[in-house]
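K.L.:
To convert, take the position in the sequence shown, counting from 1, and add 5; that gives the working numbering.
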Amino acid sequence: MPSTVDLVSWLFVVTNTFRLFAYLPQIMAALRCPNGASAISRATWSYFAVAHLTGHFYSRLVLHAPKMSAVLLGNFLACSTLVAIVTWKRIRHRAATAGEMRPAPLGAE
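(1) Whole angstroms is fine: what's the gap from Ile96's alpha carbon to Ser8's?
(2) To which residues of the same chain is Leu36 closer than 8 angstroms at the C-beta, ignoring the five residues directly before and after it?
(3) I need the boundaries of the alpha helix (DSSP H) containing Pro30, first residue and last residue.
(4) Using the C-alpha atoms, what's the distance from His57 back to Leu68?
(5) Does DSSP put Asn80 in a helix, a strand or coil?
Printed below as a string of structure tokens:
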């Protein structure tokens, strides 16, 4: 019979592996957003990414838990992907709207 530690370890791996798929709707929403994904907080998702990365290193170097480390690395990559997409969308949105915000040259009316 598996120990409590074994059960909790596998529960962590399974639930957090499926969490990788939970990032997909947020990523797809960012890709589809026409206004630079303004509703998505880069600060929040960047913090999540850093937290997952530090968890990855802690689980790898201190706990020597490769499954946990792999899951946390996957979560880091998903968060980082979202941050990269939002950054890219905001740069493109700013570039697209920059011309709309400039005043017309004098005498162009």
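All residues carry an ideal CB built from backbone N, CA and C; glycine is no exception. Note that the coordinates shown come from a computational prediction; the quantities given were computed from them, not determined experimentally.
P.N.:
According to the structure shown:
(1) To locate residue 96, count along the sequence shown from 1; it is residue 91. To locate residue 8, count along the sequence shown from 1; it is residue 3. The alpha-carbon atoms of Ile96 and Ser8 are separated by roughly 51 angstroms.
(2) Within the sequence shown, residue 36 is the residue found at index 31, counting from 1. Same-chain partners within the cutoff: Ile90 and Lys94.
(3) By 1-based counting over the sequence shown, the position of residue 30 is 25. It spans Thr9 to Arg37 - the alpha helix (DSSP H) in which Pro30 sits, taken as one unbroken run.
(4) As a working mapping, residue 68 is identified with position 63 in the sequence shown. As a working mapping, residue 57 is identified with position 52 in the sequence shown. So the alpha carbons of these two residues sit roughly 15 angstroms apart.
(5) As a working note, residue 80 is residue 75 in the sequence shown. DSSP, reduced to helix, strand and coil, places Asn80 within a helical segment of the structure shown.
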